[in-house]
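Per this note's numbering, the sequence shown starts with residue 69, numbered consecutively. Where is the CB? At the ideal position from N, CA and C, for every residue including glycine. Just so we're clear, the structure is a prediction, and the values are computed from it rather than from any experiment. Below is one structure; the comments refer to it alone.
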Amino acid sequence: MSLPQFKLLRPRRIEEAVGYLDQHSGNVRVLAGGTDLIPSMRQKLFEPEYVLDLGSISAMRGIKPNADGAVEIGALTTLRAVERSDFLRQHYSVLTEAAATVASPVLRNMGTMGGNICLDTRCLWYNQSLTWRKGCGFCIKKDGDLCHVAPGGTKCWAAFSGDTPPALLCLHAEIEIASAGGTRRIPLRDFYTGFGDTYRQLQPNELVTRVFLPAASADYRGVYRKLRVRGSIDYPLAGIAVVMKRSNGHVADARIGITAVNPAPLLVEGATALLTGKRMDDSLAEAAGDLAAKTAKPLTTSALTPEYRREMIRVFTKRAILAAASN
Ligand SMILES: Cc1cc2nc3c(=O)[nH]c(=O)nc-3n(C[C@H](O)[C@H](O)[C@H](O)COP(=O)(O)OP(=O)(O)OC[C@H]3O[C@@H](n4cnc5c(N)ncnc54)[C@H](O)[C@@H]3O)c2cc1C
Ligand code: SF4
């Protein structure tokens, strides 16, 4: 599958990049590591006139701990750098665990934090070549007006399938978004819409530039578990992140994030209240698993059945909770 023709823009500074986005608004795609964008362009899911290559913007790279223990991660920082960061492993281990499961080492060398956060949602009926989609019929997410997964509905249910966002949600991460008009900072949980087609709150002239992890989220025990078809290189078909702090044998605080089973990564509502102040045992971990499984709404967007994916959310949550609570 060949790439469509495009003009390449290579800014060196963030101001220059957002200037280009403003100038060509709606007709330009941002390229970070390209590990998702390039295959999608080959499948003719995107055929922009311009591609904005962020690769030369050094100000968007790096992991910078602040004096107060918080940390700032440039959106262009590779997943490999995140996975290998001693600081992050020591203080925000759920993020390094999640990053280490993305795709394969080669793709993690190229793939970036910003790209993982902005990753397009996925569906069996969408992530296909143009010939395949033409043959089977287009859908709401691209060029059509019906959904093959939920016929009769008007919503796209394509699944958000990034590994690091559930971990970032557990850490109460915030992101910085830049445009020619200035920058804004929002909690990551407000970035996702819950719709498979218009899945993120990002204007065509905006760029994700930084990720912030607050000091208050440091030093939690973190666990990430994922279900995938090929263990060596694959998107999650269900993913679960857990962070936990304990005190005197009881849970002092805990959060659960899930991915790949809804059009957005989500924090499991009620998990903190369920777990906090309790002594961990099998039945408490099972109750947390039930709650996470209720939050998961997988549909037939992938190779595995929705029932199996929801069940694995239950099973992985229980295991992850018990692992986070173990000595
Ligand atoms: C075989 C294979 C397996 C994979 N397995 C996994 C997996 O297990 N888990 C997983 O999470 N991902 C997986 N991926 C997807 C991808 O490799 C990762 O999600 C990676 O982190 C994407 O980052 P990138 O920098 O390459 O993004 P790109 O491909 O450059 O961009 C992805 C999207 O984000 C947008 N974008 C990128 N950066 C920014 C920014 N700073 N601001 C605004 N928009 C931006 C792009 O325009 C594009 O729409 C897989 C990909 C392949 C090909
Ligand atoms: S969920 Fe429906 S509309 Fe969305 S990509 Fe799949 S088939 Fe298309």
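query: Use the C-beta contact count for Glu274: other C-beta atoms within 10 angstroms, 16 or more gives buried, fewer gives exposed.; result: buried
query: Ala341 and Ala235: beta carbons closer than 8 Å?; result: no
query: At which residues does the beta strand (DSSP E) containing Ala320 begin and terminate?; result: His318 to Thr327
query: Any residues whose CB sits closer than 5 Å to a heavy atom of ligand 2? List them in chain order?; result: Cys191, Trp193, Tyr194, Cys207, Ile208, Lys209, Cys215, His216, Val217, Cys224, Trp225, Ala226 and Gly264
query: Could you check which residue in Arg347, Gln271 and Glu151 has the C-alpha nearest to that of Ser93?; result: Gln271
query: Taking 8 Å as the limit between beta carbons, can you name the residues of its chain near Phe259, skipping five residues before and five after?; result: Ile185, Ile243, Arg268, Gln269 and Leu270
query: Decide if the region 148-158 is in contact with the region 303-323; the criterion is three or more beta carbon pairs, one per stretch, under 8 Å apart.; result: no
query: With respect to 7 Å, is the separation between the Cβ of Gly203 and the closest non-hydrogen atom of ligand 1 below this value?; result: no
query: Assuming contact is defined by CB atoms lying nearer than 8 Å, are His318 and Gly357 in contact in what I supplied?; result: no
query: If you follow the beta strand (DSSP E) that Met312 is in, where does it begin and where does it stop?; result: Ala306 to Ser315
query: What residues in its chain sit with their C-beta under 7 Å from that of Glu354, if we drop five residues either side in the sequence?; result: Lys386
query: With DSSP collapsed to three states, give me the class of Arg110.; result: helix
query: Say yes only if the C-beta of Met178 is nearer than 7 Å to one or more non-hydrogen atoms of ligand 1, and no if none qualify.; result: yes
query: Are Pro331 and Phe228 touching if we call contact CB-CB under 8 Å?; result: yes
query: With DSSP as the reference, label Ala227 as helix, strand or coil.; result: strand
query: Using the three-state DSSP reduction, which class does Gly179 fall into: helix, strand or coil?; result: coil
query: So, using beta-carbon positions, are Asn177 and Arg148 closer together than 8 Å?; result: yes
query: In the DSSP assignment, what are the bridge partners of Leu292?; result: A small correction: the amino acid at residue 292 is Tyr; Leu does not occupy that position in the sequence shown. In the DSSP output, where bridge partners are listed per residue, Tyr292 has Ala309.
query: When the Cα atoms are used, what is the spatial distance from Arg190 to Thr369?; result: 7 Å
query: Rounded to whole angstroms, what is the Cα-Cα separation between Leu122 and Arg347?; result: 48 Å
query: Report yes if the C-beta of Pro107 is less than 7 Å from at least one heavy atom of ligand 1; otherwise report no.; result: yes
query: Comparing C-alpha positions only, which one of Thr363, Asp104 and Asp265 sits nearest to Gly338?; result: Thr363
query: Near Pro282, which residues of its chain fall below 7 Å by C-beta distance, leaving aside the five closest residues on each side in sequence?; result: Ala138 and His240
query: Only counting the same chain, and skipping five residues up and downstream in sequence, which positions put a Cβ closer than 6 Å to that of Ile106?; result: none
query: For Val297, count neighbouring Cβ atoms within 10 angstroms of its own Cβ and tell me buried if that reaches 16, exposed if not.; result: exposed
query: Quick check on Cys238: does DSSP put it in helix, strand or coil?; result: helix
query: Checking the sheet assignment: what are the DSSP bridge partners for Cys204?; result: According to DSSP, which records beta bridges pairwise, Cys204 is partnered with nothing at all.
query: Within 10 angstroms of its Cβ, does Met69 collect 16 or more other Cβ (buried), or is it exposed?; result: exposed
query: Based on Cα-Cα distance, which residue from Asp350, Asp349, Asp265 and Pro233 lies nearest to Ile326?; result: Pro233
query: Do you know whose CA, among Asp265, Pro72, Lys210 and Asp287, lies nearest Arg110's CA?; result: Pro72
query: Would the beta-carbon of Ile141 be found less than 7 Å away from any heavy atom of ligand 1?; result: no
query: Rounded to whole angstroms, what is the Cα-Cα separation between Trp193 and Ala320?; result: 43 Å
query: Classify Phe155 as helix, strand or coil using the three-state DSSP reduction.; result: helix
query: For Cys186, is the beta carbon positioned less than 7 Å from some heavy atom of ligand 1?; result: yes
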